[in-house]
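In what follows, a structure is listed as structure tokens, so that the remarks can point back to it.
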Ligand code: Z5A
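In this note's numbering, the protein residues as written are 0 to 207.
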């Protein structure tokens, strides 16, 4: 079995955590070794960076924010993603480079070619598969809002969230072989069934 690196992307409340938990449970029940991780915050250094990025209330320079996400990714690659793949485990990662391009590039409107270049320096590798959960931002924000207090990014204006949805869609259109785009307005069960049918053969397990 070749270990695969799969990332899950989408706007706020798209259902990534819910979906990853279901994929992980399906892999575990088939005895398939894997690691679930996330950005920002998948490494010890990343935990500190996550606090800096999400818990503060005052604004941050967009370039400072960009480089904190990239620092998180570089360390996450070194300490979690690459060791897991080297040990023969699949890696399921909640957010990765495409979030940086969507949020800091399309959302914050930093120059896109520069953001992409910086991302290529920071990322340890490209994902084998990118699952994009696509839904209108109003719906995702309403789902996320039901969880309680909004963090710094969730409080951004709706046009920010609309730009980043368009950004994710543009990235998927540019790389259709790597992306699986899923309508995330569907039920969790339908979303899981669609994604599992795609991932199971790629991860070397039976789709049953
Ligand atoms: N960020 C960035 O700007 N740049 C970067 O490079 C990176 C990240 C890597 C991380 O936040 C923040 O960092 C994020 C982008 C930014 N922006 N914000 N804020 P986070 O890690 O705290 O959270 P998140 O990644 O945004 O995920 P989330 O908002 O927690 O949502 P989710 O994981 O996609 O959804 P969920 O927790 O599975 O579901 C949300 C709710 O909806 C929950 O009550 C579920 O029960 C429900 N749900 C899930 N699926 C469904 C379906 N299908 N139907 C109905 N209800 C559902």
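We treat Cβ as the ideally placed atom computed from N, Cα and C, and that holds for glycine.
This one's a predicted model, so the numbers in the text were calculated from it and none came from an experiment.
Rounded to the nearest angstrom, what separates residue i and residue j at their Cα positions?
{"i": "residue 139", "j": "residue 10", "result": "7 Å"}
{"i": "residue 141", "j": "residue 42", "result": "29 Å"}
{"i": "residue 63", "j": "residue 52", "result": "10 Å"}
{"i": "residue 89", "j": "residue 202", "result": "7 Å"}
{"i": "residue 126", "j": "residue 58", "result": "31 Å"}
{"i": "residue 82", "j": "residue 72", "result": "14 Å"}
{"i": "residue 87", "j": "residue 101", "result": "30 Å"}
{"i": "residue 56", "j": "residue 0", "result": "45 Å"}
{"i": "residue 106", "j": "residue 159", "result": "5 Å"}
{"i": "residue 85", "j": "residue 115", "result": "26 Å"}
{"i": "residue 46", "j": "residue 40", "result": "4 Å"}
Say yes only if the C-beta of residue i is nearer than 7 Å to one or more non-hydrogen atoms of ligand 1, and no if none qualify.
{"i": "residue 12", "result": "yes"}
{"i": "residue 78", "result": "no"}
{"i": "residue 42", "result": "no"}
{"i": "residue 68", "result": "yes"}
{"i": "residue 98", "result": "yes"}
{"i": "residue 105", "result": "no"}
{"i": "residue 180", "result": "no"}
{"i": "residue 55", "result": "no"}
{"i": "residue 193", "result": "no"}
{"i": "residue 88", "result": "no"}
{"i": "residue 210", "result": "Residue 210 lies beyond the residue range present for the chain, which begins at 0 and ends at 207; the question has no answer from this structure."}
{"i": "residue 51", "result": "no"}
{"i": "residue 28", "result": "no"}
{"i": "residue 145", "result": "yes"}
{"i": "residue 133", "result": "no"}
{"i": "residue 120", "result": "no"}
{"i": "residue 16", "result": "yes"}
{"i": "residue 142", "result": "yes"}
{"i": "residue 186", "result": "yes"}
Considering only C-alpha positions, which residue in the set the options is nearest to residue i?
{"i": "residue 95", "options": "167, 31, 196 and 194", "result": "167"}
{"i": "residue 16", "options": "164, 172, 105 and 38", "result": "38"}
{"i": "residue 185", "options": "111, 159 and 13", "result": "13"}
{"i": "residue 104", "options": "2, 65, 176 and 35", "result": "65"}
{"i": "residue 20", "options": "98, 117 and 35", "result": "35"}
{"i": "residue 5", "options": "80, 56 and 47", "result": "80"}
{"i": "residue 3", "options": "24, 18 and 31", "result": "31"}
{"i": "residue 91", "options": "162, 24, 145 and 163", "result": "24"}
{"i": "residue 68", "options": "121, 173, 164 and 171", "result": "121"}
{"i": "residue 152", "options": "123, 33, 181 and 98", "result": "98"}
{"i": "residue 199", "options": "8, 22, 18 and 7", "result": "22"}
{"i": "residue 156", "options": "172, 170, 146 and 137", "result": "137"}
{"i": "residue 123", "options": "77, 146, 49 and 109", "result": "77"}
Got a sec: is the Cβ-Cβ distance from residue i to anything in chain D below 8 Å?
{"i": "residue 110", "result": "As a matter of chain content, chain D is missing from the structure shown, which is built from one protein chain."}
With a threshold of 7 Å, establish whether the CB of residue i neighbours any heavy atom of ligand 2.
{"i": "residue 9", "result": "This structure lacks ligand 2; the ligands present are ligand 1."}
Original post:
Where are the beta strand (DSSP E) runs, 3 residues long or more, that stay fully inside the segment 10–92, in chain order?
Top reply: Here the runs fully enclosed are 33–37.
**OP:** Starting from the N-terminal side, write out each stretch of the alpha helix (DSSP H) that is 4 residues or longer and does not extend beyond the segment 91–143.
**Re:** Complete alpha helix (DSSP H) runs here, min 4: 96–99 and 111–121.
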